[in-house]
Amino acid sequence: MISGNKGISTIISNLTLVISFCFFVIGWLISFISLIVFGEKDFNKSWHWWLIINGLACVAIVFIIIDQELINGYRFALMTYLGICMSWTVGVINELLHNDYSSANAVGVGQLLISITLFIWILYFGCEKDTAVGKLTSSNSSNILRNVQTRNKNPNTSFNLQSTTENSTVIQNEASISIANQSTNLRAEALFDYTANKEDPNEISFTQGEVMDIIDNNGRWWQARKADGTMGIVPSNFFKVI
Numbered sequence: 001m002i003s004g005n006k007g008i009s010t011i012i013s014n015l016t017l018v019i020s021f022c023f024f025v026i027g028w029l030i031s032f033i034s035l036i037v038f039g040e041k042d043f044n045k046s047w048h049w050w051l052i053i054n055g056l057a058c059v060a061i062v063f064i065i066i067d068q069e070l071i072n073g074y075r076f077a078l079m080t081y082l083g084i085c086m087s088w089t090v091g092v093i094n095e096l097l098h099n100d101y102s103s104a105n106a107v108g109v110g111q112l113l114i115s116i117t118l119f120i121w122i123l124y125f126g127c128e129k130d131t132a133v134g135k136l137t138s139s140n141s142s143n144i145l146r147n148v149q150t151r152n153k154n155p156n157t158s159f160n161l162q163s164t165t166e167n168s169t170v171i172q173n174e175a176s177i178s179i180a181n182q183s184t185n186l187r188a189e190a191l192f193d194y195t196a197n198k199e200d201p202n203e204i205s206f207t208q209g210e211v212m213d214i215i216d217n218n219g220r221w222w223q224a225r226k227a228d229g230t231m232g233i234v235p236s237n238f239f240k241v242i
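Residue numbers (the UniProt record's numbering): 1 to 242.
Here you go:
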């Protein structure tokens, strides 16, 4: 089921994706509006309208893949599709920019922005995260754009044991010791930097390349333990199991 929450969270936490989606929206709107004006000049080609419709399909496919974390299974197909879309878009830019009508030139500018977006997506999805380009395009921007939306976390990942009496405090400490001593064979490496949400004391911050022990990998938020013993919850889409 496509909720959209995870896709939006992933996009706004990554500066590369934010820029690319902004470029796409601006380029698509310029192309769409200008093509309507362009049609009044008796130069409205069906191929240009196909590019507009295909653009919507393209951005929808990319969003679904991000939201459902399907890139590992569909990377080759996505790269092929994005490459085809880019060749289509680039193929009409020169024709439109050198047209006598200003509205046609505007369509060309819009398609140019879309082609830049497609190129960014090819680099983002096509390059491994440990490569130079992968590290650049996967840079986390959580310090620039903080996602403040409410996120549903797996109830098993909560470390927030309420303590109102001395007895409950003792129980909380014993539970923490028990979890600290829990062994795990699952380890994961952080793909990006992440700054914990100050409004959620259960989250922990980490840096790209940091390796953690995963205590519970159920749901989209995992229980994790850092090398210094700090425990908390982390977003699963920021890690790869090693």
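Even glycine gets a Cβ: it sits at the ideal position worked out from N, Cα and C.
Does DSSP classify residue i as helix, strand or coil?
{"i": "ILE204", "result": "coil"}
{"i": "ALA227", "result": "coil"}
{"i": "LYS240", "result": "strand"}
{"i": "ASN105", "result": "helix"}
{"i": "ALA196", "result": "coil"}
{"i": "GLY209", "result": "coil"}
{"i": "GLY232", "result": "strand"}
{"i": "TRP222", "result": "strand"}
Look at residue i and residue j and say whether their C-beta atoms are less than 9 Å apart.
{"i": "SER9", "j": "GLY110", "result": "no"}
{"i": "ALA190", "j": "PHE239", "result": "yes"}
{"i": "TYR81", "j": "ILE61", "result": "yes"}
{"i": "ILE120", "j": "ILE26", "result": "no"}
{"i": "ILE114", "j": "THR131", "result": "no"}
{"i": "ALA224", "j": "ALA196", "result": "no"}
{"i": "LEU97", "j": "ASN105", "result": "yes"}
{"i": "ILE116", "j": "ILE66", "result": "no"}
{"i": "SER103", "j": "VAL211", "result": "no"}
If I measure Cβ to Cβ from residue i and keep anything under 6 Å in the same chain, skipping five residues before and after, which residues do I get?
{"i": "TRP222", "result": "ILE214, VAL234, SER236"}
{"i": "THR207", "result": "ASP193"}
{"i": "CYS58", "result": "CYS85"}
{"i": "ILE93", "result": "GLY108, GLN111, LEU112"}
{"i": "CYS127", "result": "VAL133, GLY134"}
{"i": "ILE242", "result": "ARG187, GLU189"}
{"i": "GLY7", "result": "PHE63, ILE66, ASP67"}
{"i": "LEU28", "result": "Checking the sequence shown, residue 28 turns out to be Trp, not Leu. Correct list, in chain order: GLY55."}
Could you pull out every residue in the same chain whose Cβ sits closer than 7 Å to the Cβ of residue i, ignoring the five residues on either side in sequence?
{"i": "THR230", "result": "ILE204"}
Can you list, in chain order, the residues of its chain whose CB lies under 8 Å from that of residue i, leaving out five sequence neighbours each side?
{"i": "ILE30", "result": "ALA106, VAL107, VAL109, GLY110, LEU113"}
{"i": "LEU17", "result": "THR10, ILE11, ILE66, TYR124"}
* In chain order, which alpha helix (DSSP H) runs of at least 4 residues are fully inside the stretch 65-99? -> 71-97
* Examine the Cβ distances between the stretch 84-98 and the stretch 46-54 and report whether three or more of them are shorter than 8 Å. => yes
* Please go through the stretch 5-60 and give each complete alpha helix (DSSP H) segment of 4 or more residues, from N-terminal end onward. => 5-12, 15-39
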